[in-house]
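Enquirer: Below you'll find the structure I mean.
Residue numbers (this note's numbering): 8 to 221.
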């Protein structure tokens with residue numbers, strides 16, 4: 008391999024490595040945050056403390072099958088409670104236009120007085136054109152609040168018997184859901200670039216051979 012060919016190969020190798028190591032972008036599946044978000048101590052009750060036991064869920068869907076990568080939900084504690092307060096936050100399937108009550112994927116998280124609930128590095132697969140619910144269920148003794156946004160998005164809440172009902176004409180919980188963007192994977196790009204590079208390098212070497220023979 009001559010000097011020019013070697014430089015071309017090294018340059019293409021660096022480009023391929025750069026593409027392969029670039030993080031995939033994200034799509035926004037749901038955003039009910041109205042204006043600048045901040046954690047409040049009022050909103051929809053996410054509570055399991057006698058005599059109140061309520062869970063809250065927010066409806067969402069994706070036009071294509073994808074993977075959820077991050078969830079931000081503005082759920083916090085109601086003072087003076089500040090320790091050992093947890094909820095299960097996750098994805099439920101739809102059951103007749105309301106949450107099914109069964110988590111497909113979920114995570115147990117501790118509530119804070121100052122920070123929203125954030126789940127990252129998720130790998131939760133969902134189907135395109137299907138309704139799902141982002142649901143928050145309080146652990147025993149937990150009293151929390153899910154900020155509302157002042158808008159009329161579709162959401163649901165349970166009664167004390169655990170039965171889900173869809174809420175109409177009331178402001179919805181604040182949350183964001185991100186998914187991995189539907190773009191070709193980095194290895195696909197890398198193979199395409201290497202293929203074109205190989206064709207170009209072969210043509211260059213053939214041209215060089217012809218020039219030497221003339």
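Heads up, the beta-carbon is just placed ideally off N, CA and C, and yes, glycines get one too.
Do you know how far the Cα of residue 85 is from the Cα of residue 120?
Expert: Walking along the chain shown from the start, residue 120 turns up at place 113. Walking along the chain shown from the start, residue 85 turns up at place 78. If I take the Cα positions, the gap works out to 7 Å.
Enquirer: Checking the sheet assignment: what are the DSSP bridge partners for residue 180?
Expert: Taking the chain shown and counting its residues from 1, one reaches residue 180 at position 173. BP columns for residue 180 point to 155.
Enquirer: Expressed to the nearest angstrom, what Euclidean distance is found between the alpha-carbon atoms of residue 154 and residue 177?
Expert: Position 147 of the chain shown, counted from the start, is the residue given in the question as residue 154. Position 170 of the chain shown, counted from the start, is the residue given in the question as residue 177. Spanning the two alpha carbons is a distance of roughly 12 Å.
Enquirer: Return yes when at least one heavy atom of the ligand FAD lies under 8 Å from the C-beta of residue 119, else no.
Expert: Looking at this structure, you won't find the ligand FAD or any other ligand, since it has none at all.
Enquirer: What is the DSSP secondary structure of residue 192, reduced to helix, strand or coil?
Expert: Locating residue 192 in the chain shown gives position 185, counting from the first residue. In this prediction, residue 192 scores a pLDDT of 47, lower than 50, which makes its location untrustworthy; the coordinate-derived value is nonetheless stated afterwards. Correct three-state label for residue 192: coil.
Enquirer: In chain order, what residues of the same chain have a beta carbon less than 7 Å from the beta carbon of residue 79, not counting five sequence neighbours either side?
Expert: By one-based count along the chain shown, residue 79 stands at place 72. Answer for residue 79: 123, 125, 182, 183, listed in chain order.
Enquirer: Can you give the Cα-Cα distance for residue 74 and residue 146, rounded to whole angstroms?
Expert: Within the chain shown, the letter at position 67 stands for residue 74. Within the chain shown, the letter at position 139 stands for residue 146. Each residue's Cα considered, the two are about 27 Å apart.
Enquirer: Can you tell me whether residue 98 is helix, strand or coil according to DSSP?
Expert: In the chain shown, residue 98 corresponds to position 91, counting from 1. Reduced to three states, the DSSP call for residue 98 is strand.
Enquirer: Can you give, in chain order, each stretch of the beta strand (DSSP E) that sits fully within the region 109-147 and has at least 3 residues?
Expert: 124-126, 131-133, 139-145
Enquirer: Taking 6 Å as the limit between beta carbons, can you name the residues of its chain near residue 70, skipping five residues before and five after?
Expert: The residue given as residue 70 occupies position 63 in the chain shown. Same-chain partners within the cutoff: 135.
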